[in-house]
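The listed protein sequences correspond, in order, to chains A and B. Each number in our numbering corresponds to the 1-based position in the first sequence with 1 added. Each number in our numbering corresponds to the 1-based position in the second sequence with 65 added. This report refers to the structure that appears directly beneath it.
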Amino acid sequence: MVPTSYYLILSAILFTIGVIGVLVRRNVLIIFMSVEMMLNAVNLTFVALSRQFLSLNGQIFVLMAMVVAAAEVAVGLAIVMTVVRHKDTTNIEDVNLLKG
Amino acid sequence: MFLFVIFALIAIVAALGVILSRKPVYSALFLLVNFGTLAAMYIMLQAQFLAMVQVIVYAGAIVVLFLFVVMLIGGGQFGPGDTVTRGQGGTANSLAPSPVAASKRRRVLVTRTTAIVLALLLLAGVGYGLISGQLYPVQGSEATFGAGSVEAIASVLYTDYLLPFELASVLLLVGMIGAVVLASNE
């Protein structure tokens, strides 16, 4: 029997690795992948606590989160492709038109 | 327990591979492995329907979408700390004027320090979580908690959560229209 806290710790580790990926990397695609990893870590937390409290609410929420993530990836990748084609760079620091 | 340790180690190694790879294609493949191990963990957590949805939606659609985009726009080829664009060579940063390069280095230092501080905070939290009490699920409940199967999720999804279900379908429709509009070049 695996304690629920082990799943929560693993989820925290994956979430922090995703945050570090967003902060450190400059390639816009890898930043996007790190965001998806963060969403997955949160889903793991929800499912682990759903088993802990014997309630299906956590799993339904994970289903909705997956739907939102899928829609977000579709629209976000369309935006990324348009920006990269326009500026001919995948470096996130070159997208600085709004910079003061 | 042994299965959990195996899958957890693979998931962490794959996550580190995502953020440390030189090429975005390798990152996408490491992400695929990460999603696969998470699906296995959902099965261990008695969430079989979610495990299959994870494989179909995340591993089967989102990672494939990432690979499409990486192949279409060619990705970059640099590792962490890269500061050159994809159209230039490796000497662009060394030829930059000095004040610009200095401010860029300071920015890189600030974000790296933030990342390291967050990682240390996580390690402190994880250590505390490991040495303090643990949260065990209710004993003898694994057999009765057959929930997570398709019937159980359906019995809840179409009665209590009908409105979020319909709103999710509307959200997918809006996302689809938005993606088509954004990606069309007029």
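Note that beta-carbon positions come from the ideal geometry of N, C-alpha and C, so glycine has one too. Since the structure is predicted, the reported quantities are computational estimates derived from the model, not experimental observations.
Contacts that residue i makes with chain B (C-beta to C-beta distance below 8 Å)
i, result
"L15 of chain A", "A76, I77, A80, N99"
"M39 of chain A", "Chain B residues near M39 of chain A: none, gap ~10 Å exceeds 8 Å."
Cβ-Cβ separation, residue j to residue i (assumed contact under 8 Å), whole Å
i, j, result
"N41 of chain A", "L15 of chain A", "7 Å"
"T83 of chain A", "L247 of chain B", "6 Å"
"I32 of chain A", "V23 of chain A", "5 Å"
"V134 of chain B", "M38 of chain A", "Not a contact, Cβ separation roughly 17 Å."
"K88 of chain A", "V76 of chain A", "In fact, because the Cβ distance is near 19 Å, the residues do not count as touching under 8 Å."
"I21 of chain A", "L186 of chain B", "Contact doesn't hold; Cβ gap of about 12 Å is too wide."
"V68 of chain A", "A112 of chain B", "No, V68 of chain A and A112 of chain B are not in contact; Cβ-Cβ is about 16 Å, not under 8 Å."
"L68 of chain B", "M117 of chain B", "Actually they are not in contact, since the Cβ atoms of L68 of chain B and M117 of chain B sit about 18 Å apart, beyond 8 Å."
"V63 of chain A", "L30 of chain A", "Not quite, the Cβ-Cβ distance comes to about 25 Å (not below 8 Å), so this is no contact."
"A71 of chain A", "I181 of chain B", "A71 of chain A to I181 of chain B, Cβ: 33 Å. No contact."
"V191 of chain B", "A66 of chain A", "At roughly 23 Å, the Cβ-Cβ gap does not stay under 8 Å, so V191 of chain B and A66 of chain A are not in contact."
"R177 of chain B", "V36 of chain A", "With a Cβ gap of about 19 Å, R177 of chain B and V36 of chain A do not count as contacting."
Under 7 Å by beta carbon: chain A residues contacting residue i
i, result
"Q111 of chain B", "R52"
"M66 of chain B", "V3"
"R177 of chain B", "V25"
"Y226 of chain B", "I61"
"L174 of chain B", "By Cβ distance, chain A contributes nothing, its closest Cβ being about 12 Å from L174 of chain B, past 7 Å."
Contact list for residue i against chain A, beta-carbon separation under 8 Å
i, result
"S92 of chain B", "L30, I31, M34"
"L137 of chain B", "M82"
"L130 of chain B", "V74, A75, L78"
"V191 of chain B", "I10, A13, I14"
"G240 of chain B", "A71, A72, E73, A75, V76"
"I127 of chain B", "E37, A70, A71, V74"
Per DSSP, cross-strand counterpart(s) of residue i
i, result
"N92 of chain A", "A:N28"
"S51 of chain A", "DSSP, once it has assigned bridges, lists no residue as partnering S51 of chain A."
"S6 of chain A", "Looking at the DSSP assignment, S6 of chain A forms no beta bridge with any residue, so it has no partner."
"S234 of chain B", "BP columns for S234 of chain B are empty, so no partner."
"S249 of chain B", "Paired residue(s): none; S249 of chain B is not in a bridge."
Own chain, CB closer than 6 Å to residue i, minus 5 neighbours either side, in chain order
i, result
"T5 of chain A", "A49, Q53"
"I218 of chain B", "F114"
"S168 of chain B", "none"
Interface partners of residue i on chain B, CB under 9 Å
i, result
"I93 of chain A", "Here the premise fails: no neighbours, minimum Cβ distance about 10 Å."
Own chain residues within Cβ distance below 7 Å of residue i, not counting five before or after
i, result
"V98 of chain B", "I75, A79"
"M106 of chain B", "F72"
"Q60 of chain A", "V48, S51"
"L222 of chain B", "F230"
"Y8 of chain A", "L45, A49"
"V103 of chain B", "In the sequence as presented, Val is not what sits at residue 103 of chain B; that position holds Leu. Here the set comprises A76, Q119."
"G154 of chain B", "For G154 of chain B, the predicted model reports a pLDDT of 38, less than 50, meaning its position is unreliable; a value from the coordinates is still stated below. So no residue of the chain qualifies."
"Y193 of chain B", "none"
"S159 of chain B", "Here the model assigns S159 of chain B a pLDDT of 41, short of 50, so the residue's position is not dependable and the matter cannot be decided."
Contact set between residue i and chain B, taken where Cβ atoms lie within less than 7 Å
i, result
"L45 of chain A", "L103, M106"
"L98 of chain A", "By Cβ distance, chain B contributes nothing, its closest Cβ being about 15 Å from L98 of chain A, past 7 Å."
Proximal residues to residue i (C-beta, below 8 Å), its chain only, five neighbours per side dropped
i, result
"Y91 of chain B", "G82"
"A124 of chain B", "L97, F100, G101, A104"
Residue i: contacting residues in chain A (beta-carbon distance under 9 Å)
i, result
"V118 of chain B", "V63, L64, M67"
"L195 of chain B", "S6, Y7, I10"
"L183 of chain B", "T17, V20, I21, L24"
Amino acids of chain D, ordered along the chain, whose beta-carbon sits closer than 9 Å to that of residue i
i, result
"I218 of chain B", "The displayed structure is made up of protein chains A and B, and chain D is not among them."
In chain order, what are the residue ranges of uninterrupted alpha helix (DSSP H) at least 4 long that sit wholly in the stretch 66 to 123 of chain B?
Under the rule that a run must span 4 or more residues, the alpha helix (DSSP H) segments found entirely inside the stretch 66 to 123 of chain B read 67 to 85, 89 to 109, 113 to 118.
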